[in-house]
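Report on the structure given below.
Protein chains: 4
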Amino acid sequence: MPRAVRAYDRKEIEFTRVLAFSDGVFAIAMTLLVVGIGIPTVREAQLGDALRDLEPEIVSFFISFIVIGNYWLAHHRFFSQLARITSPLMLLNLGYLAAIAFVPFPTALVGKYTESPITVIIYAITLSFASLLETVMFMVACRSGSTRVPVPRDVARYGVIASLLPVLVFIVSIPIALASATWALLSWLLVFPAERVLERRKPSGTDKAFL
Amino acid sequence: MPRAVRAYDRKEIEFTRVLAFSDGVFAIAMTLLVVGIGIPTVREAQLGDALRDLEPEIVSFFISFIVIGNYWLAHHRFFSQLARITSPLMLLNLGYLAAIAFVPFPTALVGKYTESPITVIIYAITLSFASLLETVMFMVACRSGSTRVPVPRDVARYGVIASLLPVLVFIVSIPIALASATWALLSWLLVFPAERVLERRKPSGTDKAFL
Amino acid sequence: MPRAVRAYDRKEIEFTRVLAFSDGVFAIAMTLLVVGIGIPTVREAQLGDALRDLEPEIVSFFISFIVIGNYWLAHHRFFSQLARITSPLMLLNLGYLAAIAFVPFPTALVGKYTESPITVIIYAITLSFASLLETVMFMVACRSGSTRVPVPRDVARYGVIASLLPVLVFIVSIPIALASATWALLSWLLVFPAERVLERRKPSGTDKAFL
Amino acid sequence: MPRAVRAYDRKEIEFTRVLAFSDGVFAIAMTLLVVGIGIPTVREAQLGDALRDLEPEIVSFFISFIVIGNYWLAHHRFFSQLARITSPLMLLNLGYLAAIAFVPFPTALVGKYTESPITVIIYAITLSFASLLETVMFMVACRSGSTRVPVPRDVARYGVIASLLPVLVFIVSIPIALASATWALLSWLLVFPAERVLERRKPSGTDKAFL
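Chains as they are written, first to last, in numbering that gives the first Met the number 0: chain A, 0 to 210; chain B, 0 to 210; chain C, 0 to 210; chain D, 0 to 210.
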């Protein structure tokens, strides 16, 4: 759209509104996950067995709650450093939220088809897309000077690499999924040691900025 | 209702509350769409085929997310220019939100019956209704002097025409749907070039106002 | 609970939080209604007929949206006049929201069983309960001096009668439902002329207060 | 995460955002419960019987609404006493919300399998987990000095015991459930007299603090 870029200061209702709307999408996506766990229809005597069959769905509910919860924490941290929100950031945020709102679908799939590579791949692509848009939002915020404190170039570069790390892990997990779905899911845990390694190299002043 | 018109200033909690409520409806309508995508119940070997069958439902999830997201952006832009909200505006906003809350229904239909004209027509009517109420809200806000900056008459007229543009496109798509559902959906993209043409004629001072 | 009564001023986050939570329940109850409309599974050629069968469900979606929307407007009006919220009011508000959150159930029933008296009766009881708690909240707010402006005794009495009016109409509709479900639903429209009659008798100063 | 602890003051948007997000999860979990009540598909003549069969599901809707509503009140009370929110509290709050979001699942189970011990046990574990995290949040808030008023040591100890009380009741109900599901549910009511007994021993100054 060729419309003039609009910017809303952090003190305006319009800034808060973007957050309220985002939090709504996060809260619904996280709470909807529970609907994915089907209520079994069996005789009372067989309820124990039926619930044991639901175990993967229950586990995938909690895993996805943690996964989306982590994205929410990152979103909270990111916006806490913005001085204003611009219309391009709002557009990117909508795309990001589309990925978040989509997560209940691969979650339900992974819970139902535990051994299938395709479900893990769809999950990985969804989360890669969310992380990628997170990175783009970070870059746009730095370049347009929308942050509360100006972000030095080396901190910005570090931030982009740190945001891209999960994307990398998710993409690497795709070929692994073709061999074993379980190993692909477990490979996602590599994010944590990789983050630790990266953090040792972070430039000073990073803590005052986003990360 | 013959009750006296009430007005709530942008600084009052009551103004914010209308936005929080609206954002809730938007967020739920957008996130509920994912529930429309049914989880297939097949053997793991056939999951790939089953997911390919879900393609139109997944595509219609993302299209509707973009469609409602666009309405949210317009709603955000509109309210950002209001100095106060009056009870008639609140009533119109409720009607507008009814149309938004209804969107998941035609979305699910279009995703399931890709070749059917009726589903596209129901979709077009729903969105026309939302856009029409948007236009009425704009007119009421201008006339009752509820905007932050007074809107000159030519800018207001331009605004009404710009808001009615999608209504026109949706109505035109209804007879097209009778010939081909796919062409009708594609015809909605005409909004973008039409907006571009209209924008060249916009009176000066428009950017300071709503549009 | 024997705990000391707590009060939160309208400027505190705690006051806003009660509203944000209430608006969440309202927004979800209103948007969930659309899920009540089942997506038919038929051949494309028969989709027109299948959608015609859904007509009562679609109509009951819009009726319930209007009904809950009206309760939201009343809730908005009521809280706009409060100077502070006390813990008894918060408890009553929770009970009130339980009734609002329950509305999608009788809505779905009325949409599916158009000729059944029981569904209309369940609907009438649910709404009576909501209106009754509205009245109690009004009385508690007046008596505990939680309103922004002190409410004179005659205005308070008028307010209680006005809030009880829908309860009366809903209760009267229950025996009518036993004869005809449709007539019972139509009898709810009596609220509007009855409100008009009542309004002629309202004491001066009412507009400055709640109503 | 080795990141520096972040703290957001109660006046910052970031503090409000945690509450808005939490309220979203609460509102959705409470309103979703109604979806658990299936709409029967029978002939109109048999609707009365079908609805009578739904009685346990309707009762469990209202019980769970009250249960989650009580947790919401406690959450509201707890945060009303915080001067700032820190990142460890945000993490704990996410875990707490996972338990709240999970409640619709045991609720639907209890409504469907009224005589089954397993469903009551799952319910009790879910609520124990929520109450336990509540206790941990309370301890973390006291120790990190995040409360508005410093909490004296005896008041803090009393607070921890009071928060652990429901955990105790839920755990005790688990062996009871193996004998009778109904008695286990009823044993939960012991929380109220136990709270009363405990309250007589509360140290002075407790009311000014959390409880």
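Ideal Cβ positions, reconstructed from N, Cα and C, are used throughout, including at glycine. Quick caveat, the model's predicted, so the values are computed rather than measured.
Residue i burial status per 10 Å Cβ neighbour count (16 or more: buried)
| i | result |
| --- | --- |
| A:Pro192 | exposed |
| A:Thr181 | exposed |
| D:Val196 | exposed |
| A:Glu114 | exposed |
| A:Thr40 | exposed |
| C:Ala26 | buried |
| D:Ala129 | buried |
| C:Gly68 | buried |
| B:Met0 | Below a pLDDT of 50, predicted positions are generally treated as unreliable, and B:Met0, at 36, falls in that range; no measurement from the model is reported. |
| D:Arg83 | buried |
| B:Pro103 | buried |
| B:Leu46 | buried |
| B:Leu177 | exposed |
| D:Leu32 | buried |
| B:Val148 | exposed |
| A:Asp22 | buried |
| D:Leu188 | exposed |
| A:Val24 | buried |
| B:Leu91 | buried |
| B:Val4 | exposed |
Closest Cα partner of residue i within the set the options
| i | options | result |
| --- | --- | --- |
| A:Ser127 | A:Val171, A:Asp8, A:Trp71 and A:Ser86 | A:Val171 |
| D:Thr30 | C:Pro55, C:Leu88 and C:Gly94 | C:Gly94 |
| B:Leu88 | B:Phe64, B:Cys141 and B:Gln45 | B:Cys141 |
| D:Asp153 | D:Tyr7, D:Arg9, D:Asp22 and D:Met138 | D:Met138 |
| B:Glu54 | B:Ile36, B:Asn69, B:Tyr70 and B:Thr118 | B:Ile36 |
| D:Leu18 | D:Arg199, D:Ala73 and D:Val102 | D:Ala73 |
| B:Ser79 | A:Val148, A:Ile160, A:Arg16 and A:Pro174 | A:Arg16 |
| A:Lys111 | A:Phe60, A:Val66 and A:Phe64 | A:Phe60 |
| B:Val159 | B:Val33, B:Phe77 and B:Ile38 | B:Phe77 |
| A:Ile173 | A:Ser145, A:Ile121, A:Glu43 and A:Ala129 | A:Ile121 |
| A:Leu185 | A:Glu198, A:Pro116, A:Asp8 and A:Ala49 | A:Pro116 |
| C:Val66 | C:Gly47, C:Ala100 and C:Leu81 | C:Ala100 |
| D:Leu131 | D:Thr85, D:Leu163, D:Gly23 and D:Val148 | D:Leu163 |
| C:Glu194 | C:Arg51, C:Pro151 and C:Ala161 | C:Ala161 |
| C:Val135 | C:Thr118, C:Val119 and C:Ala155 | C:Ala155 |
| B:Glu97 | C:Arg51, C:Ala6, C:Ile57 and C:Glu133 | Contrary to the premise, residue 97 of chain B reads as Ala rather than Glu in this sequence. Per the Cα distances, C:Ile57. |
| D:Val150 | D:Val119, D:Pro202, D:Ala183 and D:Ile124 | D:Pro202 |
| C:Glu43 | B:Arg9, B:Thr118 and B:Ala183 | B:Thr118 |
| B:Glu198 | B:Tyr157, B:Ala6, B:Asp52 and B:Val34 | B:Tyr157 |
| A:Ile124 | A:Thr85, A:Trp71, A:Thr146 and A:Ala183 | A:Ala183 |
Coil, strand or helix - residue i by DSSP
| i | result |
| --- | --- |
| B:Pro1 | Its pLDDT being 41, under 50, B:Pro1 is placed unreliably by the model, and the measurement read from it follows with that caveat. Coil at B:Pro1, not helix or strand. |
| A:Tyr122 | helix |
| A:Tyr7 | strand |
| B:Tyr157 | helix |
| D:Glu114 | coil |
| C:Leu163 | helix |
| B:Gly35 | helix |
| A:Gly53 | Per the sequence presented here, residue 53 of chain A reads as Leu, with Gly not at that position. It is coil, neither helix nor strand. |
| D:Val58 | helix |
| C:Thr40 | coil |
| C:Val24 | helix |
| D:Pro151 | coil |
| B:Arg217 | No statement about residue 217 of chain B is possible, as the shown extent of chain B runs from 0 to 210 and does not include it. |
| C:Val102 | coil |
| A:Ser86 | helix |
| A:Ser130 | helix |
| B:Glu194 | helix |
| D:Ser186 | helix |
| B:Ser63 | helix |
| C:Ser172 | helix |
Paired residues, beta bridge with residue i - DSSP
| i | result |
| --- | --- |
| C:Leu81 | C:Thr146 |
> Between the segment 150-169 of chain B and the segment 98-108 of chain B, are three or more C-beta pairs nearer than 8 Å?
Replying inline: Flag = no, the segment 150-169 of chain B and the segment 98-108 of chain B do not touch.
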